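Data block below; observations after.
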Amino acid sequence: MSEQQKNRVETLPVGIVVERRDSSHPWADNIWLPVAVIPGAPPMDPEGPWKKLKEGEGWEQYHAGTLEIEVFRTDTQAYLDCLTGDPPSVYVVLREDLEGEHELKPFIATVSSFEAQDYLDGEDLVEAVPMPDGMVAWLRDFIEFHHADEPFKKRKQRRHFGDDPGDKPRYGRGSGWSDGHDL
Numbered sequence: 029m030s031e032q033q034k035n036r037v038e039t040l041p042v043g044i045v046v047e048r049r050d051s052s053h054p055w056a057d058n059i060w061l062p063v064a065v066i067p068g069a070p071p072m073d074p075e076g077p078w079k080k081l082k083e084g085e086g087w088e089q090y091h092a093g094t095l096e097i098e099v100f101r102t103d104t105q106a107y108l109d110c111l112t113g114d115p116p117s118v119y120v121v122l123r124e125d126l127e128g129e130h131e132l133k134p135f136i137a138t139v140s141s142f143e144a145q146d147y148l149d150g151e152d153l154v155e156a157v158p159m160p161d162g163m164v165a166w167l168r169d170f171i172e173f174h175h176a177d178e179p180f181k182k183r184k185q186r187r188h189f190g191d192d193p194g195d196k197p198r199y200g201r202g203s204g205w206s207d208g209h210d211l
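Note that our numbering has the sequence shown beginning at 29, numbered continuously upward.
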């Protein structure tokens, strides 16, 4: 395997599809959720205008921007977790956008369940959307090329004072010990 292949990172542009639904909650007019990704989508700035894709009674879907999914050869275990889910998922992170036209904007898309977990600790909206079949094949090929199971290594206890049991420190009254009566 060449050095270039060892350090390989692959990217795939994905369009983020978000849905606006009418809300019956008294404090919110709308609910925004990511609902799909479009693999190979053309470039589109998430901070620019969105393109309406579909609409129905009480809902609208938009192509809200295109993000790059990056996969790294060292993170294949996290990608395996995504593929073994039912269904396989892409995690989409939406972040609050106070200055933009919409309440939220696409921030990141990932196929790493570990990375998605990190974003759950903040105030971002993180949702799993179904992974399209073509993306499943792309990710599976990447994993098959790069994944290597780590062999289990049992740790051995190291002796800190040598191998000889006589080298161990002694506890108790040794030279220099005083009970306070000889002072």
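Using N, Cα and C, we set each Cβ at its ideal position, and we do this for glycine too.
Being a predicted model, the structure only gives us computed values, none of them experimental.
Are the beta-carbon atoms of A137 and V42 separated by less than 7 Å?
-> Working through the sequence shown from its first residue, we reach residue 137 at position 109. Working through the sequence shown from its first residue, we reach residue 42 at position 14. Contact flag set, yes.
For L95 and P74, believed in contact at Cβ under 8 Å, the rounded distance | Position 46 of the sequence shown holds residue 74. Position 67 of the sequence shown holds residue 95. Rounded to whole angstroms, the Cβ separation of P74 and L95 is 7 Å, and the two are in contact under 8 Å.
Report the three-state DSSP secondary structure of Q185 (helix, strand or coil).
-> Reading the sequence shown from its first residue, position 157 is the one you call residue 185. Coil at Q185, not helix or strand.
Could you tell me which residues DSSP puts in a beta bridge with G43?
-> Stepping through the sequence shown from its first residue, residue 43 is reached at position 15. The partner list for G43 (beta bridge, DSSP) reads I66 and T94.
Where W60 falls: helix, strand or coil (DSSP) = Residue numbering aside, residue 60 sits at position 32 when the sequence shown is read from its first letter. Of the three classes helix, strand and coil, the one that applies to W60 here is strand, per DSSP.
Measure from the alpha carbon of A64 to the alpha carbon of each residue in M163, D169, G150 and L148, then state which is nearest.
-> For the purposes of this step, residue 64 is taken as residue 36 along the sequence shown, with counting starting at 1. That would be M163, whose Cα lies nearest to the Cα of A64.
Is the region 103-111 close to the region 130-146, with three or more CB pairs under 8 Å?
-> Contact between the region 103-111 and the region 130-146 is present, because at least three Cβ pairs lie under 8 Å.
Using only alpha-carbon positions, find the residue among V154, Y90, H91 and H174 that is nearest to Y119.
-> Within the sequence shown, the letter at position 91 stands for residue 119. The residue with the shortest Cα to Cα distance from Y119 is V154.
So, using beta-carbon positions, are A92 and I59 closer together than 7 Å?
-> Taking the first residue of the sequence shown as position 1, residue 92 is located at position 64. Taking the first residue of the sequence shown as position 1, residue 59 is located at position 31. It is not a contact, given that the beta carbons lie outside the stated cut-off.
Whole-angstrom distance between K182 and E88, CA atom to CA atom | Looking up residue 88 in the sequence shown gives position 60. Looking up residue 182 in the sequence shown gives position 154. CA-CA distance, E88 to K182, rounds to 55 Å.
Between A165 and chain C, is there a C-beta pair that is closer than 7 Å?
-> The structure shown contains no chain C, having only a single protein chain.
Indicate the three-state DSSP secondary structure (helix, strand or coil) for W87 in the structure shown.
-> In the sequence shown, the residue the question calls residue 87 occupies position 59. In the displayed model, W87 falls within a strand according to three-state DSSP.
Which value, in whole angstroms, describes the spacing of the CA atoms of S51 and K184?
-> Residue mapping note: residue 51 aligns to position 23 of the sequence shown, counting from 1. Residue mapping note: residue 184 aligns to position 156 of the sequence shown, counting from 1. Computed Cα separation, rounded: 59 Å.
Over what stretch of residues does the alpha helix (DSSP H) that includes E172 continue unbroken?
-> Your numbering for residue 172 matches position 144 in the sequence shown. Note, E172: alpha helix (DSSP H), D161 to H174.
Fully enclosed by the region 106-148, which beta strand (DSSP E) runs are 3 residues long or longer?
-> Counting only runs of 3+ residues, the beta strand (DSSP E) found wholly inside the region 106-148 occupies 117-124 and 132-138, in chain order.
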